[in-house]
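Below: the structure, in structure tokens.
Residue numbers (full-length UniProt numbering): 1 to 278.
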């Protein structure tokens, strides 16, 4: 026997609850979606581009008179740029968020694994090392903003431990986080993530490698011993190199040592803005 579906009444237009007014009259600085994993394309200094998967946060400013934002529109805008979401298209996506969500400000943050090819110092064997990349784009009444960042693992060796010990010195893995804003000089000579990675590695006791054979391990062990650095030294080393680069107008540097002889970490942080010419 054939079963007939009951006839449904004609639907009236659904109310847009988000557009209801809110009598508390409190604006929300940022509201949106977070922990969204999405494929993106990142500029690669050696290979032009690199595909990766980012964890995204997208948000807008919500005026005091709206009850809520339209969460689905964040994904609609993002999906319209699927396969071509890059640092270059980021401003376009941000401005589309402002338009589609009728907001005066929008933000996009992305964190993603980024791979660089490294060559072992002695055997010259190559391998891939993963770095955490980061960018933050924003647009509001004051204009557009873009921050590029990396978190780079390195080795640090304690100068005090080396000085007071009959032999050896305690060393550990450290993480150097660099975030920058670029100046107009970067329009001709872009600041690549690889540039920041090189600065971080050159500022520590020794760099890290995914693949090391025994001759390589011997080399990096002695390299670290010959280049002891406090967590303060590393942050200052990075800061000096960034200050000397005219392409960089602002930076935040943070170094964290995962202390090998303590059950806590040590850190140092520097914020700097390039002085304006009078």
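The C-beta atom is built at its ideal place from N, Cα and C for all residues, glycine as well.
DSSP places residue 30 inside the beta strand (DSSP E), whose first and last residues are 28 to 44. Listed in chain order, the non-local C-beta contacts of residue 53 below 8 Å within the same chain comprise 37, 38, 39, 40, 112, 113, local neighbours out to five positions each way being set aside. Boundaries of the alpha helix (DSSP H) harbouring residue 243: 231 to 243, taken from the DSSP string. In this structure, the straight-line span from the alpha carbon of residue 56 to that of residue 128 is close to 24 Å. Residue 228 is not a Cβ neighbour of residue 153, given a cutoff of 7 Å. DSSP places residue 72 within a helical segment (H, G or I) once states are collapsed to three. With 16 or more other CB atoms across the displayed protein chains lying within 10 angstroms of its CB, residue 179 is buried. By the beta-carbon neighbour count (other beta carbons within 10 angstroms, threshold 16), residue 189 is exposed. Assignment of residue 125 by DSSP, reduced to helix, strand and coil, places it in the coil class. Under a 10 Å Cβ-count criterion, residue 61 is classified as buried, with 16 or more other Cβ atoms of the shown protein chains found around its own Cβ.
208 is the residue among 208, 30, 247 whose C-alpha sits nearest the C-alpha of residue 224.
Cβ neighbours of residue 272 within its own chain (closer than 6 Å, five residues either side excluded): 251. Comparing C-alpha distances from residue 77 to each of 147, 59, 183 shows the shortest one belongs to 59.
The three-state reading of DSSP puts residue 59 in strand, counting E and B together. Between the C-alpha atoms of residue 90 and residue 64 there is a straight-line separation of about 27 Å. DSSP links residue 157 through a beta bridge to 171. The beta carbon of residue 174 is closer than 8 Å to those of 153, 154, 155, 156, 204, 231, 234, 255, 256, 257, 258 in its chain, skipping five residues each way along the sequence. Exposed is the label assigned to residue 126, since fewer than 16 other Cβ atoms lie within 10 Å of its Cβ. Around the CB of residue 142, fewer than 16 other CB atoms lie within 10 Å, so the residue is classed as exposed.
Less than 7 Å divides the Cβ of residue 97 from the Cβ of residue 106.
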